[in-house]
Structure formats: C-alpha cells, structure tokens
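Below: the structure, in structure tokens.
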Amino acid sequence: MDLYAVVGNPVKHSLSPEIHQAFAAETGERLRYDKLFAPVDGFAAAADEFFAHGGRGLNVTLPFKGEACRWVTQAQPAAARCGAVNTIALEGGKTLGFNTDGIGLVRDLEAQAVRITGRSLLLIGAGGAVSGILDALVEADPAAVLIANRTFAKAEALAERHGAMVSASSLEGLDGRFDLIINGTSVGVSDISADPDGEAGLISPRLAAGAQCYDLFYSRDGQTPFCRWAKRAGAAWVSDGLGMLVEQAAAAFAIWRGRAPSTRDLLRSLRSGTAA
Ligand code: ATR
Numbered sequence: 174m175d176l177y178a179v180v181g182n183p184v185k186h187s188l189s190p191e192i193h194q195a196f197a198a199e200t201g202e203r204l205r206y207d208k209l210f211a212p213v214d215g216f217a218a219a220a221d222e223f224f225a226h227g228g229r230g231l232n233v234t235l236p237f238k239g240e241a242c243r244w245v246t247q248a249q250p251a252a253a254r255c256g257a258v259n260t261i262a263l264e265g266g267k268t269l270g271f272n273t274d275g276i277g278l279v280r281d282l283e284a285q286a287v288r289i290t291g292r293s294l295l296l297i298g299a300g301g302a303v304s305g306i307l308d309a310l311v312e313a314d315p316a317a318v319l320i321a322n323r324t325f326a327k328a329e330a331l332a333e334r335h336g337a338m339v340s341a342s343s344l345e346g347l348d349g350r351f352d353l354i355i356n357g358t359s360v361g362v363s364d365i366s367a368d369p370d371g372e373a374g375l376i377s378p379r380l381a382a383g384a385q386c387y388d389l390f391y392s393r394d395g396q397t398p399f400c401r402w403a404k405r406a407g408a409a410w411v412s413d414g415l416g417m418l419v420e421q422a423a424a425a426f427a428i429w430r431g432r433a434p435s436t437r438d439l440l441r442s443l444r445s446g447t448a449a
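Here the sequence shown stands for residues 174 to 449, numbered as in this note's numbering.
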C-alpha cells in the first residue's frame, strides 16, 4: 500500500490523516497516511528516512515548510517563489516540492462565495503563512493588497516581490478601508491559552467592522480567537481556515494520485465531528 504522511512539530492534532483517508475512501485509492513527528532540527533526517523506507509523498506543516523547500530535489516555481513547500511528491526518484496553500485558500473563498477580484485586501502577518498565499491572491486580481506586520521590514520584503498592487505597513497606525481581512499571524496558534477569547486583537476593531474576515488557522468549531474577535468587532462575515486545510489537502491528493476528491461534504462532517 502506498505510504504518505504529514510531518510537523507539533503534529499530534493534525487532521490531515483523517482528511486523506476520507479522500482515499471516496476515490477508491489504496493508501496509508500517518503522522510523523520530527524534532525541530530533525526535518531532513525524518524526510530522508521516510522516503528511504518507501514513502510516496509528504505533507509538511509548521515549522518545516521553509526547510522542506530547500530539502526537495526540485521546488515547483510557485513554491520556490514563496520559499515554502507543503507537499512533496516522489517522482522518478526525485522529490518534487509544491505549495498548495494558496490554491487551497482561493478555492475555499470561492466555495464560500467570497470575491477577491477587484477588492481591497488586508493581510495581517508576513511570515511563512502569508508568503505561501500571497501569489495565489495576487493572481486572483484584487484591487489592492496591504500586508501589515508587527515587523515592518518583513512586510516590505514580501510586498517587494510584487508590483504596485501590493504595499506594506506596520501594525501601528494601520488605517484604511478593507473588504477582506486575512489573519496570517501565528498569534491564533501560540497565544490561544494566553488569550482564549482573542480579547487583545492585532488591529483596531474599526477596520474589521463591516469587512469579511478570514483566519488562516482553524478549529473544528470555527471559533478561533481571531474569528471571535472579528465577530465582536462587527465583521460582516467570518471564517476560519478549516476549508482551506481541506482544499490544500485535495490539491495535494490530486498531485499524488491524479484524482481530484470532493471537499465540501467532508468539510461539513469535520465540522460536526463525524468524519472517519
Ligand atoms: P508562519 O510561518 O506561521 O507565518 P512565522 O514566520 O514565525 O510563522 O511568522 C509569524 C507571523 O506572526 C509573523 O508575521 C509575526 O510577526 P513578526 O514578523 O513581527 O514576528 C506574527 N506574530 C507572531 N506573534 C505576534 C504577536 N504577538 N503580535 C503580532 N504579530 C505576531
């Protein structure tokens, strides 16, 4: 049976095995999908061993996406541009690196009837998560994209990859009117226990009032700290990133197996906790 896995640190709570096993059941593909924990300095050793023992493909999650991009034999142009790989496929003895996060986000927004084209976007954060989705968002032709980050220089460096459509700001003094606000900071992950209700907020609630707000992070019930904060701020629409997780997984599955699984029923069952 073909072997796949998600490698990360932590990886215990990953939903990827559940998602890929559901895709396999739906498409009739025979595969096994495991969780692979690697020490923070142990990605290369874990990946080497996985492929040496017959592994066919890996998903890569935090904090290894950048390292995975350097580790693969060849990164596809889109993954190389953002310097992050979330999907590795073994083909002809070579490890090929892809990034399906951007397409995953765009497909989830489409499925939820959220338009990108012609709209004004605010991306909060300038780390690997935002770098991974930026190109796909720009390709969808928004009117403007502003990247706001605590460390301005990182936002500026990302914005420089693109033309005048993308600009940069620090978090302080951030102002403007935005149709769609996307949280790509790691605050939702790391500060969940410190700030369970998302009281603190990264930006002024005034900016979220009336806007559509999307969190790249997820929780089964959709109630991430950022989502709760955005609702309280009067956002017109709020979503966590569970749909993006399922869509990026579907894109990875299509790369590995040449079959595009369906996603929305699975997403509903993940939400209600009834998926396999
Ligand atoms: P990832 O690969 O998940 O994006 P990362 O590269 O460490 O992780 O980036 C984390 C992002 O969250 C960064 O934009 C970071 O801001 P800095 O670039 O200034 O470090 C942002 N972030 C993390 N904790 C934050 C906090 N308490 N307030 C504001 N931004 C924060």
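The beta carbon of each residue, even a glycine, is placed where N, CA and C say it ideally should be.
Near the ligand ATR: residue i beta-carbon under 7 Å from a heavy atom
i, result
"residue 259", "no"
"residue 359", "yes"
"residue 397", "no"
"residue 374", "no"
"residue 273", "no"
"residue 309", "no"
"residue 182", "no"
"residue 303", "yes"
Element boundaries [beta strand (DSSP E), containing residue i]
i, result
"residue 388", "385-388"
"residue 412", "410-412"
"residue 405", "That residue, residue 405, is in no beta strand (DSSP E); its alpha helix (DSSP H) goes 398-405."
"residue 207", "204-210"
"residue 229", "228-233"
"residue 267", "267-271"
"residue 275", "Careful: residue 275 lies outside any beta strand (DSSP E), inside the alpha helix (DSSP H) at 274-284."
Cβ-Cβ distance between residue i and residue j below 8 Å
i, j, result
"residue 298", "residue 395", "no"
"residue 304", "residue 255", "yes"
"residue 230", "residue 248", "no"
"residue 209", "residue 178", "yes"
"residue 202", "residue 444", "no"
"residue 284", "residue 437", "yes"
"residue 310", "residue 349", "no"
Rounded Cβ spacing between residue i and residue j (contact assumed at less than 8 Å)
i, j, result
"residue 176", "residue 228", "5 Å"
"residue 246", "residue 260", "Actually they are not in contact, since the Cβ atoms of residue 246 and residue 260 sit about 14 Å apart, beyond 8 Å."
The alpha helix (DSSP H) enclosing residue i, as first and last residue numbers
i, result
"residue 428", "415-430"
"residue 171", "In the structure displayed, the chain extends from 174 to 449; residue 171 sits before or after that span and is not available."
Own chain, CB closer than 6 Å to residue i, minus 5 neighbours either side, in chain order
i, result
"residue 387", "355, 412"
"residue 278", "306, 417"
Other residues of its chain near residue i: CB distance less than 7 Å, five sequence neighbours each side excluded
i, result
"residue 184", "208, 209, 210, 234"
"residue 392", "413"
"residue 529", "In this structure the chain extends from 174 to 449, so residue 529 is not present and cannot be described."
Residues near residue i by beta carbon distance below 8 Å, same chain, minus five either side
i, result
"residue 290", "313, 314, 315"
"residue 382", "406, 407, 408"
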